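Q:
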């Protein structure tokens with residue numbers, strides 16, 4: 002195990018050379034008022050060889066607290082090799098990989114820095130107004146061969162790279178040079194601010210749940226993100242630093258993932274401005290880690306002892322239920338979990354606790370997650386579960402923020418489904434007063450996409466709300482008649498008077514608009530060869546097909562199609578995007594088809610490219626002109642949305658697939674001797690319900706084109 006253990010043994014002679022450059026390891030309790038406060042952080046925990054040279058990386062991060070000056074912290078941990086950053090910048094994100102006026106960063110007055118293996122470095126101060134909860138972008142240029150990358154692998158954030166040999170683009174305002182992406186945080190381990198209203202930082206020490214596993218990527222919906230949102234509404238706020246590592250444990254570690262005890266100094270105690278730590282670990286120890294409840298409790302006690310020695314408060318979080326997560330749960334392990342949680346709540350060691358277990362457990366079976374909070378794997382919460390964790394934290398108990406709003410508003414269900422052209426769906430807003438005194442003049446308002454409507458059942462105002470009291474409003478929400486199928490955000494805002502001041506809170510949920518059968522307009526045509534009646538819908542460039550069918554290849558050709566007659570030229574391309582497919586069995590298929598005549602496949606030229614519900618790509622062609630798809634290529638994993646493309650050159654068809662419409666994977670090439678002239682091109686779906694009699698599949702498409 003490398004990490005902070007090596008930091009303590011590095012030659013002290015380097016200190017004189019790198020004075021003012023290498024990050025000091027001073028305790029946050031030793032820092033004078035007005036010094037740096039951490040506003041974003043991540044725990045680096047592994048290194049790998051990228052095999053690249055002369056590249057620039059652009060890393061977007063969502064800060065918590067704001068300020069008038071900023072610096073970054075870099076780490077070269079988990080390696081013995083030095084790394085050189087030749088040029089670095091920071092600026093506010095404009096969108097994607099674009100930056101508004103990137104500011105040059107210096108290190109000890111120099112434009113670049115070489116960081117020895119196992120060391121960290123901090124940039125000099127840069128004057129930059131950083132609003133709270135805004136997106137910063139850090140750009141790093143690596144001259145010459147980049148031998149390794151120190152990383153935090155679960156970024157849940159798109160990180161942008163130039164291609165190999167791309168050169169120095171750290172100062173670019175636009176992001177045109179950044180054509181490669183991944184989702185790990187390289188080298189960057191912290192961002193600090195000065196000059197804001199933060200009174201310190203809260204460090205979230207955790208595992209994959211804190212790291213954000215199963216939350217929505219590129220949406221900042223980890224529970225520390227939600228906590229930062231709550232704190233940002235306080236008069237005096239705090240930075241929130243996410244020090245979660247997937248698979249982390251209190252009682253043991255491995256190479257690339259040191260235990261919480263082993264990384265406590267590096268990831269918690271040395272964080273700039275740290276005042277409070279929320280310890281949310283133990284589920285890995287108890288489930289697959291083989292630790293007993295007593296061992297977890299002993300580890301928690303040691304973390305609290307060391308944090309208290311450095312002047313930090315420690316809030317314990319209860320261990321969440323995990324029954325159903327693989328085969329890890331047993332009655333004996335559940336008893337250990339309950340023992341640990343009793344210690345967290347009543348042991349008298351922590352300075353307070355956040356009852357994350359209570360926040361998400363199923364009241365009818367406390368050994369499991371409640372369905373509304375479960376991502377589906379029965380261990381990691383969905384976005385709503387993440388939000389529930391943040392709501393379970395007593396802001397006053399953190400002893401950092403001051404004058405925080407005491408009422409919160411939340412929408413349920415967390416992912417409502419609305420039907421285009423339907424009668425409306427009920428969505429409920431609930432305002433809860435978590436403070437010690439009554440709040441008054443409570444008012445609630447929904448924020449809807451353009452053209453949508455909402456009718457409340459009853460008043461949206463409440464005169465007074467006592468401590469612990471709640472007020473609910475049920476709204477009937479109707480989407481616009483032409484609302485695009487897919488995800489739309491519905492927001493809610495509440496205002497209330499607290500201690501003579503008007504305060505506010507807000508929430509939002511992702512609502513899914515689903516299609517209802519409707520006509521398909523000219524020039525589009527429909528056809529079906531299934532015993533079950535097919536249905537269709539069109540909404541601008543979006544199409545839906547409800548189809549049965551026993552199979553789409555070999556001895557059967559049962560499908561439903563939306564198509565354009567005479568749209569596939571002798572040399573040309575047919576492209577579509579399959580947004581998703583639900584219903585029927587694992588072999589259900591949706592994709593694109595071409596034929597001399599799609600209503601009569603026996604007329605020749607028949608080829609189909611689909612994504613199956615579970616079994617990946619399937620490229621099928623008719624090799625002898627009898628209308629049966631008798632050749633096959635493809636496989637791999639299934640994914641949606643999926644871009645599909647058929648390129649025709651006379652009698653040769655080449656199939657391609659892509660997850661983003663930019664980087665295309667060739668599936669296969671096949672010859673279809675019966676292809677002649679201009680043919681039909683369309684969208685197809687089949688339930689492949691031979692083993693699922695009568696079942697229907699629903700396929701959604703949002704792009705279709707055919708051209709030379």
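Numbering (this note's numbering), first residue to last: 2 to 709.
Glycine included, C-beta positions come from ideal geometry on N, C-alpha and C.
Quantities reported herein were computed from a predicted structural model and do not represent experimental measurements.
Within its chain, find whatever has a CB closer than 6 angstroms to the CB of residue 553; leave out the 5 residues flanking it on each side and keep chain order.
A: Within the chain shown, the letter at position 552 stands for residue 553. Hits under 6 angstroms: 560, 590 and 687.
Q: Run through the DSSP bridge pairs and tell me what residue 315 is partnered with.
A: Here residue 315 refers to the residue found at position 314 when the chain shown is read from its first residue. Residue 315 pairs with 278.
Q: Would you report the Cα separation of residue 572 and residue 673, rounded to the nearest angstrom?
A: Locating residue 572 in the chain shown gives position 571, counting from the first residue. Locating residue 673 in the chain shown gives position 672, counting from the first residue. C-alpha separation (whole angstroms): 13 angstroms.
Q: Could you tell me the distance, in whole angstroms, from the CA atom of residue 516 to the CA atom of residue 53?
A: Taking the first residue of the chain shown as position 1, residue 516 is located at position 515. Taking the first residue of the chain shown as position 1, residue 53 is located at position 52. Going from the Cα of residue 516 to the Cα of residue 53 covers about 46 angstroms.
Q: Give the DSSP bridge partners of residue 382, in chain order.
A: Counting from one through the chain shown, the residue named residue 382 turns up at place 381. For residue 382, which the question treats as bridged, DSSP gives the partners 375.
Q: What are the uninterrupted segments assigned as alpha helix (DSSP H) that are 4 or more residues long and contained completely in the segment 282-359, given in chain order?
A: With a minimum length of 4 residues, the continuous alpha helix (DSSP H) runs that stay inside the segment 282-359 are 284-287, 294-310 and 332-347.
Q: Helix, strand or coil for residue 413? Go by DSSP, reduced to three states.
A: Residue 413 sits at position 412 when you count from the first residue of the chain shown. Note: residue 413 maps to strand in three-state DSSP.
Q: Compute the Euclidean distance between the alpha carbons of residue 668 and residue 181, then round it to the nearest angstrom.
A: Indexing the chain shown from 1 puts residue 668 at position 667. Indexing the chain shown from 1 puts residue 181 at position 180. One C-alpha to the other measures close to 22 angstroms.
Q: Less than 8 angstroms between the CB atoms is what I'm expecting for residue 547 and residue 518, so what's the real figure, rounded?
A: By one-based count along the chain shown, residue 547 stands at place 546. By one-based count along the chain shown, residue 518 stands at place 517. Indeed, because the Cβ distance is near 7 angstroms, the residues count as touching under 8 angstroms.
Q: Below 8 angstroms, can you find three or more Cβ-Cβ pairs linking the segment 413-424 to the segment 236-253?
A: Touching, no.
Q: Comparing the CB of residue 445 with every heavy atom of the ligand ATP, is any distance shorter than 7 angstroms?
A: In the structure on display, the ligand ATP does not appear, and there are no ligands present to speak of.
Q: Once DSSP output is grouped into helix, strand and coil, what is the label at residue 706?
A: Here residue 706 refers to the residue found at position 705 when the chain shown is read from its first residue. DSSP places residue 706 in strand when its eight states are reduced to three.
Q: Would residue 385 be called buried (16 or more neighbouring beta carbons within 10 Å of its own) or exposed?
A: Your numbering for residue 385 matches position 384 in the chain shown. Buried: at least 16 other Cβ atoms inside 10 Å.
Q: Within a Cβ cutoff of 7 angstroms, which residues of the same chain sit near residue 640, ignoring the five residues on either side of it in sequence?
A: In the chain shown, the residue the question calls residue 640 occupies position 639. Counting only Cβ-Cβ distances below 7 angstroms, and skipping sequence neighbours, we find 660.
Q: Could you tell me how far apart the beta carbons of residue 691 and residue 551 are, in whole angstroms, since I believe they sit closer than 8 angstroms?
A: Sequence index remark: in the chain shown, residue 691 carries index 690 (1-based). Sequence index remark: in the chain shown, residue 551 carries index 550 (1-based). Confirmed, about 4 angstroms.
Q: Rounding to the nearest angstrom, what Cα-Cα distance links residue 700 and residue 525 in this structure?
A: Residue numbering aside, residue 700 sits at position 699 when the chain shown is read from its first letter. Residue numbering aside, residue 525 sits at position 524 when the chain shown is read from its first letter. About 17 angstroms.
Q: Within the chosen definition, does the segment 535-549 reach the segment 626-642 through at least 3 CB pairs nearer than 8 angstroms?
A: Verdict: no, contact absent.
Q: Quick test of the definition: if touching needs 3 or more C-beta pairs under 8 angstroms, does the segment 115-131 touch the segment 79-95?
A: Yes, since at least three Cβ pairs between the segment 115-131 and the segment 79-95 fall closer than 8 angstroms, the two stretches touch.
Q: Which of the three DSSP states, helix, strand or coil, is assigned to residue 106?
A: Your numbering for residue 106 matches position 105 in the chain shown. Note: residue 106 maps to coil in three-state DSSP.
Q: Taking the alpha carbon of residue 41 as the reference point, which residue from 268, 184 and 260 has its own alpha carbon closest?
A: Position 40 of the chain shown holds residue 41. Looking at the Cα atoms, 268 is the closest of the given residues.
Q: Name the DSSP bridge partner or partners of residue 224?
A: Counting from 1 along the chain shown, the entry for residue 224 is found at position 223. According to DSSP, residue 224 bridges with nothing at all.
Q: In chain order, what residues of the same chain have a beta carbon less than 7 angstroms from the beta carbon of residue 440, not counting five sequence neighbours either side?
A: By 1-based counting over the chain shown, the position of residue 440 is 439. Here the set comprises 407, 408, 434, 466, 497, 498 and 499.
Q: Inspect the CB distances between the segment 530-546 and the segment 693-707 and report whether three or more fall short of 8 angstroms.
A: Yes, they touch.
Q: If we call anything under 8 angstroms between Cβ atoms a contact, is residue 539 one with residue 510?
A: Within the chain shown, the letter at position 538 stands for residue 539. Within the chain shown, the letter at position 509 stands for residue 510. No. Outside cutoff.
Q: How far does the beta strand (DSSP E) with residue 212 in it extend, from its first residue to its last?
A: To locate residue 212, count along the chain shown from 1; it is residue 211. Here residue 212 belongs to no beta strand (DSSP E); instead the alpha helix (DSSP H) covers 209-212.
Q: Mind checking residue 190: buried by the 16 CB within 10 Å criterion, or exposed?
A: As a position in the chain shown, residue 190 is number 189, starting the count at 1. Buried, since its Cβ has 16 or more Cβ neighbours within 10 Å.
Q: State the CB to CB distance for the pair residue 472 and residue 463, rounded to an integer number of angstroms; the pair is presumed to be in contact (CB under 8 angstroms).
A: Position 471 of the chain shown, counted from the first residue, corresponds to residue 472. Position 462 of the chain shown, counted from the first residue, corresponds to residue 463. About 4 angstroms separates the two Cβ atoms, so the contact holds.
Q: Which same chain residues end up closer than 6 angstroms to residue 679 when comparing Cβ atoms and leaving out the 5 residues on each side of it in sequence?
A: The residue given as residue 679 occupies position 678 in the chain shown. Closer than 6 angstroms at the Cβ level, and outside the excluded window around residue 679, lie 567 and 570.
Q: Suppose the cutoff is 6 angstroms on Cβ atoms and the five residues either side in sequence are ignored; what does the same chain contact list for residue 154 look like?
A: Locating residue 154 in the chain shown gives position 153, counting from the first residue. Hits under 6 angstroms: 185.
Q: Tell me whether residue 364 sits in a helix, a strand or coil according to DSSP, three-state version.
A: Translated into the one-based positions of the chain shown, residue 364 becomes position 363. If DSSP states are grouped into helix, strand and coil, residue 364 belongs with coil.
Q: Which stretch, first to last residue, makes up the beta strand (DSSP E) that contains residue 183?
A: Position 182 of the chain shown, counted from the first residue, corresponds to residue 183. Here the beta strand (DSSP E) through residue 183 covers 181-183.
Q: When you compare only the Cα positions, how much space is there between residue 131 and residue 198?
A: Position 130 of the chain shown holds residue 131. Position 197 of the chain shown holds residue 198. Straight-line Cα distance between these residues: approximately 12 angstroms.
Q: Examine the Cβ distances between the segment 369-379 and the segment 325-334 and report whether three or more of them are shorter than 8 angstroms.
A: Verdict: yes, contact present.
Q: Within its chain, find whatever has a CB closer than 7 angstroms to the CB of residue 653; leave out the 5 residues flanking it on each side and keep chain order.
A: Stepping through the chain shown from its first residue, residue 653 is reached at position 652. Cβ neighbours of residue 653 beyond the five flanking positions: 670 and 672.
Q: Verify whether the separation of the beta carbon atoms of residue 297 and residue 286 is less than 8 angstroms.
A: By 1-based counting over the chain shown, the position of residue 297 is 296. By 1-based counting over the chain shown, the position of residue 286 is 285. Yes, they are a contact pair.
Q: Tell me which residue opens and which closes the beta strand (DSSP E) that residue 193 is part of.
A: What you label residue 193 is simply residue 192 of the chain shown in a count that begins at 1. Here the beta strand (DSSP E) through residue 193 covers 189-195.
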